[in-house]
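Novice:
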Amino acid sequence: LKKIGIQFALDDFGSGLSSFEYLNRFDIDHVKIDGQFIKDIDTNEQNYIVVKAIHDLSKNLNKKTIAEFVHKKEIADKLNLIGIDYLQGYWVERPIPLINDIKL
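Its first residue numbered 4, the sequence shown is counted upward by one per residue in my numbering.
(1) Roughly how many whole angstroms lie between the Cα atoms of Asn-27 and Leu-13?
(2) Output the boundary residues of the alpha helix (DSSP H) element that contains Ile-69.
(3) Would you list the one or two residues that DSSP bridges to Leu-90?
(4) Under three-state DSSP, which class holds Leu-64?
(5) What distance in whole Å lies between the Cβ atoms of Gln-10 and Asp-32, which are believed to be in contact at a cut-off of 8 angstroms?
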């Protein structure tokens, strides 16, 4: 699949120690950081340190990082300081209905 341009993400990274095993086992392109670490990163220094460590590890392994659960500007600002590659959440865009006739 990668030969035809499909990329893969490891979702909810950090939610269990098996996440580190998955980094070795699967040929992934993106590490999606679990929202439990993101949701209060603007007020919780410990979560900031964890997210920065996950980002630094991912960069050293040549993976892009995605932060989920970004629901306000202050969180986006903290993630920008760390250097996170992509954001996902209500602050970026609210979920939209899937339209069945969309041509991908």
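Where is the CB? At the ideal position from N, CA and C, for every residue including glycine.
Specialist: On the basis of the coordinates in this document:
(1) Within the sequence shown, the letter at position 24 stands for residue 27. Within the sequence shown, the letter at position 10 stands for residue 13. Whole-angstrom Cα-Cα distance: 11 angstroms.
(2) Counted from its first residue, the sequence shown places residue 69 at position 66. No alpha helix (DSSP H) holds Ile-69; the beta strand (DSSP E) holding it covers 67-70.
(3) Here residue 90 refers to the residue found at position 87 when the sequence shown is read from its first residue. Assignment of beta-bridge partners to Leu-90 by DSSP yields Ala-70.
(4) If you number the sequence shown from 1, residue 64 lands on position 61. Of the three classes helix, strand and coil, the one that applies to Leu-64 here is coil, per DSSP.
(5) The residue you call residue 32 lines up with position 29 of the sequence shown. The residue you call residue 10 lines up with position 7 of the sequence shown. With a Cβ gap of about 4 angstroms, Asp-32 and Gln-10 count as contacting.
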